[in-house]
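To convert, count from 1 in the sequence shown and add 734; that's my numbering.
By construction, the Cβ of each residue, glycine as well, lies at the ideal position given by its N, Cα and C atoms.
Note that the structure is predicted; figures quoted are calculated from it, not measured.
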Amino acid sequence: MDTIRIIISLAAHNGWKLYQLDVKSAFLQGDLNEEVYIDQLEGFVKEGKEYMAYRLHKALYGLKQAPRAWFNKIESHFVSKGFKGCDSEQTLFTKRSAEGKMLIVTIYVDDLIFTGNDHEQMNKFKQAMMRQFDMTDLGHLNYFLGIEVVQKANGVFICQKRYAEQILKRFGMSTCNPVYCPILPGVKVGRDKEGKLVDETYYKQIVGSLMYLTFTRPGLMFATRLISRYMSKPTDLHLQIAKKILRYLKETTQFGILYQAGCRGRDLEVYTDSDYAGDMDDRKSTSGYVFKFSSGAVAWTFKKQPIVSLSTTEAEFIAATVCTCQAIWLKRIRTELGYEHEGCIVIKCDNSSTIKLSKNPVMHGRSKHIDERYHFLRDLAKKGRN
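This is the structure:
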């Protein structure tokens, strides 16, 4: 989804149109390289050859080899047509010409999204794909994996309004009283061992639905990740927090992300932060980052750290390191798309000790215990890379 949002933001920034193709029975078009046999189907058994089996030359739905066979098929087609695959994102392909014309294509199972700066080239690509594969031309990108895409003159707006309304209806919250904040700042939640247990399946369904909604709603990520930690033996306390998020959703079903056209600046804006020892049970901290481009967020996460941080400096340093890894990946993707970042990507952090530690390899009481793997950030800063 990060890749898809990057492509949408680049298209909005340049004023390009986004188009979509849908492959019919995609997995059936994949060629198998392995030897795969199936029993003769009931009612189609050949008399006198009941002991024999069929060997498959094409993939079938249900085979574990089917997705790879389909991707190999369409990847080889792209390469034969002059496309270049992206080393950092296997589903992204680009095609450039000497005149500066560019075509960008990304594939998600059986859905293709493409954009570029030459309308004629995009029409030729669409016609060639429809001749080679059985496809449906869906025209402008409007609806993709539950995400509504609105392309206007001032940019591209993505949201999940329809999906949000379905969630509220499914869990009986369509007529609830709305609130204006998904969770109060500073709220700490634990396992609540003494609390009353609730239906685990029902709770998991709410959390899973909210997790999918975070594809276009970064503001819901922290609260949703928080309640997702307690899907085993949830109590009434956790369910009440989940329902409060649904009440906030009732007020903000129309919220989304707007990528403005012609927005000033081509560089990424990066912010990182951490919630020190925020988990009440194991005292682990939470890392978070947001990447913005074309006035809208393109990548974000809020995730519990794998180790227990012994200081705010360590927690912030780990969060900044995780953010740096994502920044390197995004920089490579943008380079493949023709947007070379000028200089280093600036990561904005609000902890002065972390900033100093990233610049100077000083060991003292606050930093000498930091795992060596997280000094990857310091090494990059020292070399002036990223």
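So, using beta-carbon positions, are residue i and residue j closer together than 8 Å?
i	j	result
Val1056	Ser1021	yes
Tyr788	Tyr771	yes
Arg739	Ala1033	yes
Glu1003	Pro968	no
Cys997	His747	yes
Tyr1023	Tyr1010	no
Thr909	Thr840	no
Cys893	Gln988	yes
Asp719	Val932	Residue 719 cannot be examined here, being either before or after the span of the chain that is shown, 735 to 1120.
Phe891	Phe956	no
Val941	Ser966	no
Leu752	Glu1070	no
Glu823	Ile1067	yes
Gln1039	Lys1065	no
Tyr946	Gly880	yes
Gln855	Lys807	no
Thr1058	Ile1089	no
Only counting the same chain, and skipping five residues up and downstream in sequence, which positions put a Cβ closer than 7 Å to that of residue i?
i	result
Leu766	Leu790, His791, Lys792, Ala793, Gln799, Ala803
Asn1085	Thr1046, Thr1047, Glu1050
Val913	Lys978, Arg981, Tyr982, Glu985
Phe859	Leu837, Phe848
Asp1007	Gly1022, Ala1053, Asp1084
Lys938	Met965
Within its chain, find whatever has a CB closer than 6 Å to the CB of residue i; leave out the 5 residues flanking it on each side and keep chain order.
i	result
Asp1123	Beyond the ends of the chain as shown, which are 735 and 1120, falls residue 1123; an answer cannot be given.
Lys818	Thr828
Ile901	Ser943
Gln754	Ile847, Leu872, Leu875
Met735	Phe949
Ile1041	none
Taking residue i as part of the alpha helix (DSSP H), name the residues at either end of that continuous run.
i	result
Phe859	853 to 866
Ala1053	1046 to 1070
Gln900	895 to 904
Asp736	736 to 748
Thr1088	1086 to 1093
On the DSSP letters alone, give me the boundaries of the beta strand (DSSP E) that residue i sits inside.
i	result
Asn767	765 to 773
Asp1007	1003 to 1009
Glu882	881 to 886
Asp871	869 to 874
Tyr753	753 to 757
Apart from the five residues just before and just after residue i, which ones in its own chain have a Cβ nearer than 8 Å to its Cβ?
i	result
Lys780	Gln774, Met786
Leu960	Ile917, Val923, Ile975
Tyr877	Val883
### Query
In the segment 938 to 1000, which residue ranges form an unbroken alpha helix (DSSP H) of at least 4 residues, counting only runs that do not cross its ends?
955 to 962, 970 to 985
#### Entry: the segment 984 to 1001 touching the segment 921 to 931, judged by at least three CB pairs closer than 8 Å
no
### Segments assigned beta strand (DSSP E), at least 3 residues, entirely inside the segment 781 to 840
787 to 792, 826 to 830
### Task
Output the residue ranges of the beta strand (DSSP E) runs that lie fully inside the segment 1010 to 1046 and measure 3 residues or longer, sorted by chain position.
1020 to 1027, 1030 to 1038
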